[in-house]
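Worksheet: one structure, shown below.
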Amino acid sequence: MAEDREWESTETAVAELHKKIKEAFEVFDHESNNTVDVREIGTIIRSLGCCPSEGELHDLIAEVEEEEPTGYIRLEKFLPVMTEVLLERRYRPIPEDVLLRAFEVLDPTKRGFLTKEELIKYMTEEGEPFSQEEMEEMLSAAIDSESNSIHYKDYITMMVVDDN
Amino acid sequence: MGSGTSNQHHFAFQNAERALKAAALIQRWYRRYVARLEMRRRCTWSIFQSIEYAGQQDQVKLHDFFSYLVDHFTPSSHNERDFLNRMFTEERFPKDLEMEKCSDYNSIEVPDNYTGPHLSFPLLPDHATALVEAFRLKQQLHARYVLNLLHETRKHLIQLPNINRLSTCYSEEITVCGDLHGQLDDLIFIFYKNGLPSPERAYVFNGDFVDRGKDSVEILMILFAFMLVYPKEFHLNRGNHEDHMVNLRYGFTKEVMYKYKIHGKKILKTLQDVFCWLPLATLVDEKVLILHGGVSDMTDLELLAKLDRHKIVSTLRCKTRKQSEKLAEGKRKASQMSSPGRPTPWFLPMSRSLPSSPLHVGSHKAHKTGRSSSIPCSASLDRKELSQQVRRSVDLELERCRQQAGFPLIREKEPVLFMAEADSDAEQLLQPTQEEWKQVVDILWSDPMAQEGCKANTVRGGGCYFGPNVTEQLLQKYNLQFLIRSHECKPEGYEFCHNRKVLTIFSASNYYEVGSNRGAYVKLGPALTPHIVQYQANKATHMLTTRQRISRVEESALRALREKLFAHSSDLLGEFKKHDADKTGLITLSDWATAVESVLHLGLPWRMLRPQLVSSSTENVLEYTSWLEDLAKEQLSHENIQSSVLETLYRNRSNLETVFRILDSDHSGFISLDEFRQTWKLFSSHMNIDITDDCICDLARSIDFNKDGRIDINEFLEAFRLVEQSCPEGNTSDGPQTTNTDDSSCSRPGAH
């Protein structure tokens with residue numbers, strides 16, 4: 001869903017953003033009362049085209065939460081904040097080449113792959129560590145079972161194609 | 001050395017920092033990827049659900065329409081009268097004598113070369129187990145045994161109360177399973193994983209055993225067999241699909257006729273009765289209530305326990321009469337208000353049951369504020385006055401339908417307004433009261449909702465949405481702990497709601513598509529703590545990654561959605577044009593989303609789905625005509641077919657099939673040309689299609705391939721199964737292709 005439109009901050013643009021945000025929000029609004037579980041906010045934000053880190057996500061959530069956190073986020077609070085985020089084009093997605101370079105940093109000897117153990121170690125011990133579930137999920141798609149490794153260039157290509 | 005080490009440390013530190021950043025980047029990217037997968041999954045689910053529920057609504061509306069016609073249409077010729085009489089007038093549950101005849105299986109011979117399972121009665125546990133094994137090996141049970149089994153089943157069911165009681169004192173564990181919908185693999189899996197039924201292992205199957213899947217017959221045979229073998233421990237509840245009217249649409253009737261070409265009719269007739277005798281609910285330890293749909297704020301367990309459940313033949317209110325013509329005439333006029341159970345059809349301006357616009361239901365999440373009862377409800381106005389008003393608007397409506405259908409005008413007869421004593425005693429005994437019917441509909445069709453209150457279930461067209469307070473009220477009133485119900489497909493096979501007081505359990509895995517959802521069953525021990533077991537009965541899905549699974553299901557959903565879009569091509573075109581005042585041929589993508597929703601009313605997140613539905617869009621705009629053409633190309637293998645007839649047929653395909661099956665009351669598989677024409681006229685007047693009589697005749701003639709005056713239902717439907725059809729060249733219409741309904745020309749369908 002790569003969108004390369006240049007938005008002017010016209011009223012129509014904002015109105016359109018509002019519609020988009022509301023739509024995404026409503027997918028998770030199970031009770032049809034303009035609230036979503038706070039645990040789903042990350043999914044909503046990311047599916048709107050943003051790619052925040054966990055830390056950035058927590059900051060965002062803090063912005064849209066109630067004074068006394070209820071476990072639910074209301075559309076009224078979410079909408080203006082999210083509109084700003086989109087207008088400012090914050091948390092832009094990561095381009096393919098940058099992603100590739102990140103993998104290469106982890107593969108300094110330039111083998112072209114990471115072993116399963118290495119991947120697990122990096123993903124669960126470094127950065128903003130994965131949960132066990134996240135790790136397993138990534139492994140299932142990434143690891144080539146014969147070599148027990150991830151050929152990251154191919155992996156990236158596959159994932160990016162799928163994304164569209 | 002020192003500086004060397006510190007340099008090393010420096011580099012090491014830098015490297016570590018870089019690694020950390022790199023890892024963080026990859027994680028960040030990956031989490032976004034997963035989020036988008038999740039969003040796709042949710043959207044896909046919405047697509048399936050909204051299409052499914054829209055279909056259910058259609059069914060109810062169609063049914064209401066025909067019921068209404070049957071009641072109010074004053075035929076102008078005896079042909080018409082006969083025709084209408086035949087619709088929906090079936091053998092009422094036959095009296096015992098007829099019943100005997102029907103299930104007279106003894107006369108059916110089982111040939112020597114039959115290799116399927118044999119049954120002898122009384123059934124033994126081994127027989128039931130052998131059945132499971134035989135079906136697993138894809139054998140088919142002979143019609144004689146089917147009928148025999150059904151006969152015994154009926155005898156057993158008759159003795160059962162409406163609400164069965166189970167106790168964990170006797171069977172230590174009770175396993176409750178939800179909808180199976182003809183998916184034999186799931187049933188076999190459950191028995192494999194959980195164990196076969198036995199005195200120590202009680203089972204409750206909570207309705208919807210049939211329809212949609214391809215092995216409904218086999219599932220019924222197994223369930224009935226085990227019920228006969230372990231009557232105290234094996235229990236069945238009726239679901240909304242244990243209903244011959246619903247079966248007409250959703251595939252069970254078709255399956256039976258296909259598998260049992262000679263005796264299918266008998267089997268269906270018997271089943272119709274057996275379904276009525278299925279108990280309505282099961283109560284475990286007086287604490288856990290198990291029923292198929294849900295409850296309403298009016299649910300009265302005492303009434304439910306007392307009523308004669310057998311009277312409720314179909315929850316779609318198929319009113320059945322079979323009487324002399326004269327009586328029928330009088331009845332129709334009197335039945336308007338005197339019959340206690342006649343629902344007010346939705347399209348009458350009087351109707352308060354449903355919103356006046358037929359498709360105005362929105363997403364299944366958009367609960368309409370409304371009355372706290374299920375559809376319909378009888379008005380409490382002065383009956384005579386109401387009757388007059390009804391009569392007037394009925395006449396108006398009739399006129400319109402009649403004109404559209406091309407029937408000759410007849411002179412208005414004097415309205416006969418009298419509060420006749422409703423029906424003869426005999427007739428009355430055969431019908432449930434309004435109250436009784438509503439109680440049963442509620443427990444078979446309702447769905448829980450998150451908000452408090454109780455509203456009409458406009459999405460399904462029957463039952464209601466019940467909130468947590470309704471549940472609480474009921475549990476307290478009858479001193480219960482929680483409710484187990486089914487009726488709704490859930491991605492994980494189960495779902496708790498209402499503060500864990502309501503458990504939905506759904507046992508048909510991969511219901512919408514391979515990989516769409518898990519199935520589940522729940523076990524209750526003496527402590528009554530629910531223990532859920534999930535599964536997915538398809539080896540293939542285990543091999544797929546989440547991503548692949550979601551892609552497959554998604555593709556299936558999108559295909560279904562594109563089909564729906566195509567079926568509404570004309571309406572969509574009209575709507576797009578409204579947004580294109582300057583006639584540029586382009587609309588913005590935003591307008592596209594608005595337009596599509598206003599036509600389809602599915603309540604889907606169109607902006608999210610757009611990239612998958614609209615492949616060709618430059619900038620921010622879409623050339624809508626070519627988009628529609630692309631859609632058509634996908635659905636039709638023959639170019640240039642774009643006629644309102646075909647499109648309408650496509651849109652109403654499942655309706656049509658249902659209608660034909662209703663018409664074909666003897667399940668012969670044939671309807672006469674005349675019946676076809678009459679049907680089409682009625683149908684088109686309801687569906688707002690302007691088609692000339694000639695067109696209909698042409699259509700009918702061209703479908704009657706062997707010119708014997710009969711149309712084979714299957715052939716007819718096949719002829720219009722446009723996706724696979726490859727039309728011979730040169731069979732397009734001679735005239736202009738118009739989708740303009742003013743011009744009543746229609747192109748010849750590509751029949752050969």
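Residue numbers (the UniProt record's numbering), protein chains in the order written: chain A, 1 to 164; chain B, 1 to 752. C-beta: ideal position from N, C-alpha, C; glycine also.
Run of the beta strand (DSSP E) containing residue i, from where it starts to where it stops
i, result
"Leu157/B", "Per DSSP, Leu157/B belongs to no beta strand (DSSP E); it is in the alpha helix (DSSP H), Ala143 to Gln159."
"Arg136/B", "Segment Pro125 to Arg136 is the alpha helix (DSSP H) holding Arg136/B; no beta strand (DSSP E) there."
"Ile73/A", "Tyr72 to Arg74"
"residue 776/B", "No answer is possible for residue 776/B: it lies beyond the span of chain B, which begins at 1 and ends at 752."
"Ala456/B", "Cys454 to Ala456"
"Glu623/B", "Val621 to Glu623"
Short CB-CB distance (under 8 Å) between residue i and chain A
i, result
"Gln451/B", "yes"
"Ser198/B", "no"
"Ile26/B", "yes"
"Glu38/B", "yes"
"Arg31/B", "yes"
"residue 804/B", "Nothing about residue 804/B can be reported from this structure: the residues present for chain B run from 1 to 752 only."
"Arg547/B", "yes"
"Arg41/B", "no"
"Arg607/B", "yes"
"Ala23/B", "yes"
"Val645/B", "Interpretation of Val645/B is limited by its pLDDT of 49, a score under 50 that renders its predicted location unreliable; no figure is taken from the coordinates."
"Ala366/B", "In this prediction, Ala366/B scores a pLDDT of 34, lower than 50, which makes its location untrustworthy; the coordinate-derived value is nonetheless stated afterwards. Chain A contact via Cβ: present."
"Ala19/B", "yes"
"Ser446/B", "no"
"Ala35/B", "yes"
Any C-beta of chain B under 8 Å from that of residue i
i, result
"His30/A", "yes"
"Glu11/A", "no"
"Ser131/A", "no"
"Phe78/A", "no"
"Leu87/A", "no"
"Ala24/A", "yes"
"Arg90/A", "no"
"Glu16/A", "yes"
"Met82/A", "no"
"Thr43/A", "yes"
"Asn34/A", "no"
Cross-strand partners of residue i (DSSP beta bridge)
i, result
"Gln534/B", "Ala520/B"
"Arg238/B", "Answer by DSSP bridge pairing: none, since Arg238/B is not bridged."
"Ser672/B", "Arg710/B"
"Ile290/B", "Thr282/B and Ile484/B"
"Val204/B", "Val176/B and His235/B"
"Glu495/B", "Thr504/B"
"Leu586/B", "Glu623/B"
Residue i - containing alpha helix (DSSP H), residue span
i, result
"Asn164/B", "Where Asn164/B is concerned, there is no enclosing alpha helix (DSSP H), although the beta strand (DSSP E) it sits in stretches over Ile163 to Leu166."
"Cys276/B", "Gly264 to Trp277"
"Arg101/A", "Glu96 to Leu106"
"Phe189/B", "Leu184 to Asn194"
"Tyr465/B", "No alpha helix (DSSP H) contains Tyr465/B, which is instead part of the beta strand (DSSP E) from Cys464 to Phe466."
"Thr124/A", "Lys116 to Glu125"
Whole-number beta carbon distance between residue j and residue i, since they are thought to touch under 8 Å
i, j, result
"Leu628/B", "Leu573/B", "6 Å"
"residue 762/B", "Asn162/B", "Outside the modelled stretch of chain B, which goes from 1 to 752, sits residue 762/B, for which no answer is possible."
"Arg249/B", "Leu278/B", "Between Leu278/B and Arg249/B the Cβ distance is about 19 Å, and since that is not below 8 Å, they are no contact."
"Ile174/B", "Leu524/B", "5 Å"
"Ile290/B", "Val204/B", "6 Å"
"Cys177/B", "Asn206/B", "7 Å"
Under 8 Å by beta carbon: chain E residues contacting residue i
i, result
"Ser296/B", "Any reference to chain E falls outside this structure, whose protein chains are A and B."
Using 8 Å as the Cβ pair cut-off and three pairs as the minimum, do the stretch 146-157 of chain B and the stretch 115-126 of chain B touch? As far as the Cβ criterion goes, the stretch 146-157 of chain B touches the stretch 115-126 of chain B, which means the pair count is three or higher.
Could you say if the stretch 108-119 of chain A and the stretch 65-77 of chain A meet the contact criterion of at least three C-beta pairs nearer than 8 Å? Two segments are said to touch when three or more pairs of C-beta atoms, one from each, lie closer than 8 Å; by this definition the stretch 108-119 of chain A does not touch the stretch 65-77 of chain A.
Is the stretch 577-597 of chain B close to the stretch 527-538 of chain B, with three or more CB pairs under 8 Å? Counting Cβ pairs under 8 Å, fewer than three are found: no touch.
Any contact of the stretch 218-229 of chain B with the stretch 186-206 of chain B, i.e. 3+ C-beta pairs under 8 Å? The way I'd put it, the stretch 218-229 of chain B does touch the stretch 186-206 of chain B; three or more beta-carbon pairs between them come closer than 8 Å.
Three Cβ pairs or more, each shorter than 8 Å: is that satisfied between the stretch 176-196 of chain B and the stretch 506-518 of chain B? Counting C-beta pairs with one atom in each stretch, the stretch 176-196 of chain B and the stretch 506-518 of chain B have three or more that are closer than 8 Å, which means they touch.
For the stretch 134-150 of chain A and the stretch 53-65 of chain A, state whether three or more C-beta atom pairs, one from each stretch, are separated by less than 8 Å. No: the two stretches stay apart, fewer than three of their Cβ pairs being nearer than 8 Å.
Using 8 Å as the threshold, is the stretch 35-55 of chain A in touch with the stretch 78-96 of chain A, meaning 3 or more CB pairs across them? Put simply, the stretch 35-55 of chain A touches the stretch 78-96 of chain A. At least three CB pairs are less than 8 Å apart.
Could you say if the stretch 605-613 of chain B and the stretch 16-24 of chain A meet the contact criterion of at least three C-beta pairs nearer than 8 Å? The stretch 605-613 of chain B is in contact with the stretch 16-24 of chain A.
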